[in-house]
Amino acid sequence: MINPVIYREFIGILRTRKALAMLIVMSIAFSLIVLLRWPTDGHVDLSGMRSQQVFRIFSYTLLAGVLFVIPAFPAVSFIQEKNNGTLALLLNSPLTSSSIMAGKLIGSFLFALLLLLTSLPAAAACYAMGGIDLHSQLGLLYLVLLICIVQYTTLALLISTFVQSSDAAVRVTYAAVFAFGILATGPYYLLQGQAGSLPLLAWWLRAGSPLTVIMDLVGHGDVGSLALLTEDSTLAEYLLLSAVSSIAFVTLTASRLSHRLFDRALSKGTVTDDRQVLARGFRRLFFLVDPQRRKAGIPFYANPVMVKEFRTRKFGRIHWLLRLVAGCAVLSLLLTFAATTGVVDWGVKTIGGFMVLLQIVLVVLITPSLASGLISAERESGGWELLRMTPMSPFKMLRGKLLSVIWTVGLILLATVPGYVVMIYIQPAMWLQVYMVMICLVLAAVYTVCVSAAVGSLFKRTATATTTCYIVLIVLFLGPLLIWMGRDAPFSHDAVEAALSINPTGAALSIIEAPGFEIYELAPGAWWISGIISLTALVCLGCQVWRISRPI
Amino acid sequence: MTNSLVVETKALTKRYGEFTALDSLSISVDAGQILGFIGPNGAGKTTTIRILVGLLRPTEGSATIAGVDCVRDARKLKRLVGYMPDIFGSYDNMRVTEYLDFFGAAYAIGRRQRVKRIAEVLETTGATYMKDLYVESLSHGMKQRIGIARTLLHDPQVLILDEPANGLDPQARIDMRGLLLQLAEMGKTLIVTSHILPELSRICDTVAIITHGKLRAFGTQAEIMRQITQRRTFEVQLVESEQLEGAESLIADSLGAEAESNVSGSTTEGLVRFDTDLSDRELAGILANLLDKGVLVSQFREIPTDLEDAFLSVTANDGDASSTGPPAEPASAQESA
Numbered sequence: 005m006i007n008p009v010i011y012r013e014f015i016g017i018l019r020t021r022k023a024l025a026m027l028i029v030m031s032i033a034f035s036l037i038v039l040l041r042w043p044t045d046g047h048v049d050l051s052g053m054r055s056q057q058v059f060r061i062f063s064y065t066l067l068a069g070v071l072f073v074i075p076a077f078p079a080v081s082f083i084q085e086k087n088n089g090t091l092a093l094l095l096n097s098p099l100t101s102s103s104i105m106a107g108k109l110i111g112s113f114l115f116a117l118l119l120l121l122t123s124l125p126a127a128a129a130c131y132a133m134g135g136i137d138l139h140s141q142l143g144l145l146y147l148v149l150l151i152c153i154v155q156y157t158t159l160a161l162l163i164s165t166f167v168q169s170s171d172a173a174v175r176v177t178y179a180a181v182f183a184f185g186i187l188a189t190g191p192y193y194l195l196q197g198q199a200g201s202l203p204l205l206a207w208w209l210r211a212g213s214p215l216t217v218i219m220d221l222v223g224h225g226d227v228g229s230l231a232l233l234t235e236d237s238t239l240a241e242y243l244l245l246s247a248v249s250s251i252a253f254v255t256l257t258a259s260r261l262s263h264r265l266f267d268r269a270l271s272k273g274t275v276t277d278d279r280q281v282l283a284r285g286f287r288r289l290f291f292l293v294d295p296q297r298r299k300a301g302i303p304f305y306a307n308p309v310m311v312k313e314f315r316t317r318k319f320g321r322i323h324w325l326l327r328l329v330a331g332c333a334v335l336s337l338l339l340t341f342a343a344t345t346g347v348v349d350w351g352v353k354t355i356g357g358f359m360v361l362l363q364i365v366l367v368v369l370i371t372p373s374l375a376s377g378l379i380s381a382e383r384e385s386g387g388w389e390l391l392r393m394t395p396m397s398p399f400k401m402l403r404g405k406l407l408s409v410i411w412t413v414g415l416i417l418l419a420t421v422p423g424y425v426v427m428i429y430i431q432p433a434m435w436l437q438v439y440m441v442m443i444c445l446v447l448a449a450v451y452t453v454c455v456s457a458a459v460g461s462l463f464k465r466t467a468t469a470t471t472t473c474y475i476v477l478i479v480l481f482l483g484p485l486l487i488w489m490g491r492d493a494p495f496s497h498d499a500v501e502a503a504l505s506i507n508p509t510g511a512a513l514s515i516i517e518a519p520g521f522e523i524y525e526l527a528p529g530a531w532w533i534s535g536i537i538s539l540t541a542l543v544c545l546g547c548q549v550w551r552i553s554r555p556i
Numbered sequence: 052m053t054n055s056l057v058v059e060t061k062a063l064t065k066r067y068g069e070f071t072a073l074d075s076l077s078i079s080v081d082a083g084q085i086l087g088f089i090g091p092n093g094a095g096k097t098t099t100i101r102i103l104v105g106l107l108r109p110t111e112g113s114a115t116i117a118g119v120d121c122v123r124d125a126r127k128l129k130r131l132v133g134y135m136p137d138i139f140g141s142y143d144n145m146r147v148t149e150y151l152d153f154f155g156a157a158y159a160i161g162r163r164q165r166v167k168r169i170a171e172v173l174e175t176t177g178a179t180y181m182k183d184l185y186v187e188s189l190s191h192g193m194k195q196r197i198g199i200a201r202t203l204l205h206d207p208q209v210l211i212l213d214e215p216a217n218g219l220d221p222q223a224r225i226d227m228r229g230l231l232l233q234l235a236e237m238g239k240t241l242i243v244t245s246h247i248l249p250e251l252s253r254i255c256d257t258v259a260i261i262t263h264g265k266l267r268a269f270g271t272q273a274e275i276m277r278q279i280t281q282r283r284t285f286e287v288q289l290v291e292s293e294q295l296e297g298a299e300s301l302i303a304d305s306l307g308a309e310a311e312s313n314v315s316g317s318t319t320e321g322l323v324r325f326d327t328d329l330s331d332r333e334l335a336g337i338l339a340n341l342l343d344k345g346v347l348v349s350q351f352r353e354i355p356t357d358l359e360d361a362f363l364s365v366t367a368n369d370g371d372a373s374s375t376g377p378p379a380e381p382a383s384a385q386e387s388a
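Okay, here's the thing in structure tokens:
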């Protein structure tokens, strides 16, 4: 008999509007890639270069889809069951934890397969153009993607057993996917060429990322650092690592599927003010701002909604913000220090480019988690109705909510200023560039806040809002970079410049003269476009808030 | 207790396209009174409440609270009304005092005044011991208390509570009842919806029964009983259950032709039950007749009709026996929340 969880999971996913939208969007995206690059001039490209160019873009798009679309479903799988009360029913049924786990995994995998199937016509078109090997390229690409799906689905399922809410599941999953899939490749570029255990660890870390294998597959392996393609492929290592990690994730998830999932100690609500003198003194030493001290009331000059937003966020309390800011400051200083001491022979511009990218990544990762649920979380919890009953105007509420995000993102950006200051100290002539880069970064922050808040406000469920925000932002920020990777061929200089103009990242990289971006003139055009997009998003957000606030 | 009119609706109607969620509802509540608002699921209770608190706009008719129009003066209204929806509206990582402090600030209560007020409402609702607890860690009953404390923060004239006793254990329900009576004694006007009718019957001055968006009965409990129950039910407890058949036929003879379907007996209990509209004198005759014929009667009593009977009577007449019917409010009504 077929495992009932598979049926329930697969059909459950297919019934969601999100799944339908994803299938349609993926089909259109893959069709467009081939359609745009299909030869129309009647000449045969015997070298197969054109099909290779299309294949590269196709592969990266497919990988981005697998990394950022597919984990959204398993990420909320267990937590939704838990919150709806159905997980308790499942655990009380004769089904074993491993069969529940298998059902969830296979159900999600089937949907992922369906998404992959939508790319097959485009893959076939690529192959029909010639120049692509069926086994060593196309076949291998799909093999890597299938393994990647299993790896990240199991990871998302594991995360789903740890978190307490659906949107937290989405946030943590995206952060993990980003860390394992993309950031894991970073340390290798910093440490390559050196001897010792640390570079070896960095190499294995890089080998665990599907991005590395795909880069090898499309001919982008190691080209950034060595200027020559290396013959070594990380495929075998990736297969090994993904198999080991998937088995570990599955085992851990299955072991967590028991009554212990429901054991959650409720806080006693102890406050520092009521503790003994010794304990109070001890906490005074370790906390600049003690989170467990009894708070004074909200002052008259502060927007109550803003204060509420900070207080209700797990990491929104001041002591967490201070830690985040300190972490960012240390990281930016370390990067600049690396450039000055010659640990990395990349030069100030490359390090600058790296810093810009890291900051954008930080902003793109953090902002949707803060901004996407501003309205949807209130609607989901019933808090919106209570807020509407207060004499506050909808725009005061919106202002408070936006301010809570702007302050956090602003603090993170400010924390990286020391790194830039050191950069100017090394190369004083760069002050204007750094100044312009800072404008780009501020614009990027405003852009992500506005777009995330506007997109998130359209949904009633926080998890859906968060997922959609991440996908929209990834498309907006990663899409132009994918097009940039195909600069000159298959995409023309103008096409790349236009694509890079839709967000301020390209402008920042071109201003800092990061390798590959120095040829583009993006500022101030990109600033204007980003400003217009942000303003439009803000207006849409305002309209939506007004719509859901008024009596109907 | 004053008798000035505080809440008034006149021909209040709400339509969603073809569907009528509320049909010409006219009710009024005096100051310091408790109105019990009863109806099956989807009857239009929440729609009415949302119009009263300014969250919904009626299609026709008017609603006023303390003379303030619920549609046109929504801002003024918010200071007059404390509304507790059936969903708590919890925020994570917030202690009870922080939660109340936020809503106090949202109502623009000054910082010092707010601290004082929070202590007061916590004391009124018997929730002072919860002040440092995290809101998400509270039990349902505790959350209901905090919900009421929140509605009291800005000292509103009218409290509108949607299902305040829902999901409470017996002790918490008794406490809640005491709290509502205490609030009424403080001069607050309360509108309370509940499915737990015995609870409502103990505290309400006035009752409104609504089904399919229409007001079926409105008035004091006694008035409603008079409106709804024209016939009374009696029980005759026999000492010996062997005399049941004889007693049944004697009662049926006394009641006349209409008695056939109304007289029923239970051999195990030794009990005869019948409905009648006879006067007390005529009923005394029936009892005397039973005793004359040697039937040993230990009790001859009238079964009191309560709010539950009244409600069932109304919904049965309406062709909608209970809350098991399909939801009457469309998605758009939910959306407005």
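Chains as they are written, first to last, in the working numbering: chain H, 5 to 556; chain Y, 52 to 388. No residue lacks a Cβ here, since even glycine has one placed at the ideal position from N, Cα and C.
Note down, in chain order, each residue of its chain lying with its Cβ closer than 8 angstroms to the Cβ of residue i, except the 5 sequence neighbours on either side.
{"i": "Y:Thr319", "result": "Ser292"}
{"i": "H:Val167", "result": "Ile83, Ala173 and Val176"}
{"i": "H:Met30", "result": "Gly69, Val73, Leu119, Thr122 and Ser123"}
Is the distance from the Cβ of residue i to the Cβ of residue j below 9 angstroms?
{"i": "Y:Ile160", "j": "Y:Val209", "result": "no"}
{"i": "H:Asp171", "j": "H:Thr452", "result": "no"}
{"i": "H:Ile364", "j": "H:Leu445", "result": "yes"}
{"i": "H:Ile506", "j": "H:Ser538", "result": "no"}
{"i": "Y:Thr115", "j": "Y:Leu73", "result": "no"}
{"i": "Y:Val287", "j": "Y:Phe325", "result": "yes"}
{"i": "Y:Val323", "j": "Y:Leu342", "result": "no"}
{"i": "H:Ala518", "j": "H:Gly356", "result": "yes"}
{"i": "Y:Arg168", "j": "H:Leu390", "result": "no"}
{"i": "Y:Ile261", "j": "Y:Ile89", "result": "yes"}
Run through chain H and tell me which residues come within less than 7 angstroms of residue i, C-beta to C-beta.
{"i": "Y:Lys129", "result": "Met393, Thr394 and Pro395"}
{"i": "Y:Leu63", "result": "Neighbours of Y:Leu63 on chain H: none; closest Cβ ~13 angstroms, over 7 angstroms."}
{"i": "Y:Pro91", "result": "By Cβ distance, chain H contributes nothing, its closest Cβ being about 22 angstroms from Y:Pro91, past 7 angstroms."}
{"i": "Y:Asp183", "result": "Gly273 and Val275"}
{"i": "Y:Glu149", "result": "Lys299 and Arg315"}
Which bits of chain H does residue i rub up against, with CB to CB less than 9 angstroms?
{"i": "Y:Gly105", "result": "Arg392, Met393 and Pro555"}
{"i": "Y:Asp124", "result": "What Y:Asp124 touches in chain H: nothing, since even the nearest Cβ is about 12 angstroms away."}
For residue i, return the contacting residues in chain H, with the cut-off set at a CB-CB distance below 8 angstroms.
{"i": "Y:Leu210", "result": "Neighbours of Y:Leu210 on chain H: none; closest Cβ ~12 angstroms, over 8 angstroms."}
{"i": "Y:Ser77", "result": "Result: empty, since nearest Cβ-Cβ is about 20 angstroms, beyond 8 angstroms."}
{"i": "Y:Val166", "result": "Gly301"}
Tell me which residues share the same chain as residue i and place their Cβ nearer than 7 angstroms to its Cβ, disregarding the 5 neighbours each side in the sequence.
{"i": "H:Leu232", "result": "Because the pLDDT of H:Leu232 is 43, which lies under 50, any placement of that residue in the model is unreliable, and the question is left without a value."}
Please compile the residues from chain Y whose C-beta is within a distance smaller than 7 angstroms of the C-beta of residue i.
{"i": "H:Pro308", "result": "Phe153, Ala156 and Ala157"}
So which residues on chain Y does residue i lean against when the C-beta distance must stay under 9 angstroms?
{"i": "H:Gly386", "result": "Pro136, Asp137, Ile138, Phe139, Gly140, Ser141 and Ala388"}
According to DSSP, is residue i helix, strand or coil?
{"i": "H:Met440", "result": "helix"}
{"i": "Y:Ala384", "result": "The pLDDT assigned to Y:Ala384 is 40, lower than 50, so where the model puts this residue is not dependable, and the model offers no usable value."}
{"i": "H:Ile302", "result": "coil"}
{"i": "H:Gln168", "result": "coil"}
{"i": "H:Leu462", "result": "coil"}
{"i": "H:Met105", "result": "helix"}
{"i": "H:Glu287", "result": "In the sequence as presented, Glu is not what sits at residue 287 of chain H; that position holds Arg. Helix."}
{"i": "Y:Thr356", "result": "coil"}
{"i": "H:Ile536", "result": "helix"}
Who are the near neighbours of residue i in its chain, counting only those whose CB is closer than 6 angstroms to its CB and skipping five residues on each side?
{"i": "Y:Gly105", "result": "Cys121, Ala125 and Leu128"}
{"i": "H:Ala458", "result": "Ala541, Cys544 and Leu545"}
Find the residues of chain Y that neighbour residue i, judging by a C-beta separation of less than 8 angstroms, and give them in chain order.
{"i": "H:Ile536", "result": "Those do not exist, as H:Ile536 stays about 31 angstroms from chain Y at its closest Cβ, beyond 8 angstroms."}
Would you say the region 114-121 of chain H touches the region 18-35 of chain H, given that touching needs at least three Cβ pairs under 8 angstroms? At 8 angstroms Cβ cutoff, the stretches touch.
Quick test of the definition: if touching needs 3 or more C-beta pairs under 8 angstroms, does the region 139-147 of chain Y touch the region 186-206 of chain Y? Segments in contact, yes.
Count the CB pairs spanning the region 54-64 of chain Y and the region 100-113 of chain Y that are closer than 8 angstroms, and state whether there are at least three. yes
Taking 8 angstroms as the threshold, find out whether the region 141-151 of chain Y comes into contact with the region 214-234 of chain Y through three or more Cβ pairs. No: fewer than three Cβ pairs fall under 8 angstroms.
Mind the definition here: the region 158-165 of chain H touches the region 244-261 of chain H only if three or more C-beta pairs lie below 8 angstroms; say whether that holds. They touch, by the three-pair rule.
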